[in-house]
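Before any comments, here is the structure.
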Amino acid sequence: MLEPQSSNPVKERAKPKPREKALADVAGFLQPGDVVNSSGRVHCDTFYYALPYHLIRQNQRRIFGNQSIWHDTHCMLYLDPEHTLSVEPFKAKWLKPEDYCLDRISIWRFTKYPVPFTADQVAVMRKYADEHIIGTIYDVGQLMDIMINTILGYHHTIHFRIFDFSKRFKVCSVGVRVLYEKLRKHLEETDQPAFERLFQKINPLAPWPGGVFPQSKIPGKYGVDVEATSPAHFANSHYFDSEFELVAMFDSGWRIYPPD
Numbered sequence: 288m289l290e291p292q293s294s295n296p297v298k299e300r301a302k303p304k305p306r307e308k309a310l311a312d313v314a315g316f317l318q319p320g321d322v323v324n325s326s327g328r329v330h331c332d333t334f335y336y337a338l339p340y341h342l343i344r345q346n347q348r349r350i351f352g353n354q355s356i357w358h359d360t361h362c363m364l365y366l367d368p369e370h371t372l373s374v375e376p377f378k379a380k381w382l383k384p385e386d387y388c389l390d391r392i393s394i395w396r397f398t399k400y401p402v403p404f405t406a407d408q409v410a411v412m413r414k415y416a417d418e419h420i421i422g423t424i425y426d427v428g429q430l431m432d433i434m435i436n437t438i439l440g441y442h443h444t445i446h447f448r449i450f451d452f453s454k455r456f457k458v459c460s461v462g463v464r465v466l467y468e469k470l471r472k473h474l475e476e477t478d479q480p481a482f483e484r485l486f487q488k489i490n491p492l493a494p495w496p497g498g499v500f501p502q503s504k505i506p507g508k509y510g511v512d513v514e515a516t517s518p519a520h521f522a523n524s525h526y527f528d529s530e531f532e533l534v535a536m537f538d539s540g541w542r543i544y545p546p547d
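According to my numbering, the sequence shown is numbered sequentially starting from 288.
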């Protein structure tokens, strides 16, 4: 697994690759269950994206440190060529790879269960998303609560709920985490082999790259709260139980990792 030394964004993006070629390259790496992180899926100078982007980055850098992967602003879940969950302002929706193949993205693959997920497993996640997530409002208030709790010392838990719009509304990474936990519960309830709750364990040997969260302390009985999950948790899971590994990175359609 590649462990990037810095998440500082590239100052100038390369000229975008032709969309059809970029789509073919990105789609060649995607498997059902992959988490897709992006840094600025839309122009961050649009005012209604500026606040959530700022809150996400500040919170991630505060928790994980400057040398971690803290700059990602969005988190999606790829299920099939027609369905990538994207909880974004203003409402959660399904995207296709052609919608994000020219963005600055990284693809993270689950390591604690056989992948790609089967059609039945994907159906469980899609059904829950269709019934409970798609069409819901992006919860900026949840971002503010995450930031406030981090400042108050609750780095991976939501101890105080002040601005959260509703338990039904979510932010991007929380939506992804919810689908993973729903699949886990479904596997348990149907007596199938299952995986453990995400981000429940801390790797005591991982050198924590700054930030405010001590590597030696397990964050509560159940680990990181679902509502406290950020894009950086997926990208920095080697500080937990290495639940996800990096399989590819693209910028403007050009592959950065793995090298050609």
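Built from N, CA and C at the ideal position, the CB exists for glycine as well.
For residue i, the first and last residue of its enclosing alpha helix (DSSP H)
i: K414; result: A406 to H419
i: V465; result: C459 to E476
i: E307; result: R306 to A314
i: A519; result: P518 to A522
Backbone CA spacing between residue i and residue j [nearest angstrom]
i: C331; j: Q479; result: Only weak support is given to the placement of C331: the predicted model assigns it a pLDDT of 48, under 50, and the question is left unresolved by the model.
i: V537; j: S325; result: For clarity, residue 537 is Phe in the given sequence; the question names Val instead. Their backbone Cα atoms lie some 9 angstroms apart in a straight line.
i: K488; j: F527; result: 5 angstroms
i: F456; j: P305; result: In this prediction, F456 scores a pLDDT of 49, lower than 50, which makes its location untrustworthy; no coordinate-derived value is stated.
i: F531; j: V402; result: 11 angstroms
i: L342; j: M363; result: 18 angstroms
i: R396; j: V534; result: 7 angstroms
i: G462; j: I420; result: 7 angstroms
i: E375; j: I392; result: 15 angstroms
i: N346; j: S460; result: 13 angstroms
i: L366; j: H525; result: 23 angstroms
i: R464; j: D312; result: 26 angstroms
i: S355; j: K472; result: 31 angstroms
i: L466; j: V322; result: 11 angstroms
i: I543; j: T398; result: 22 angstroms
i: P545; j: F316; result: 11 angstroms
Paired residues, beta bridge with residue i - DSSP
i: S373; result: M363 and K380
i: R250; result: Any answer about residue 250 is impossible in this case: the structure gives the chain only from 288 up to 547.
i: S325; result: H361 and I392
i: D538; result: W541
i: I263; result: The structure shown does not extend to residue 263, since the chain spans only 288 to 547, so no value can be given for it.
Exposed unless 16 or more other CB atoms sit within 10 angstroms - verdict on residue i
i: A410; result: exposed
i: S470; result: Looking at the sequence shown, residue 470 is not Ser but Leu. L470 should be labelled buried.
i: F377; result: exposed
i: P319; result: buried
i: A337; result: exposed
i: D547; result: exposed
i: G498; result: buried
i: E514; result: buried
i: A406; result: exposed
i: G510; result: buried
i: D417; result: exposed
i: G540; result: buried
i: T477; result: exposed
i: L492; result: exposed
Run of the beta strand (DSSP E) containing residue i, from where it starts to where it stops
i: Y544; result: W541 to Y544
Three CB pairs or more closer than 8 angstroms across the region 386–393 and the region 336–350: no
Just checking, does the region 507–527 make contact with the region 366–385 on the three C-beta pairs under 8 angstroms criterion? no
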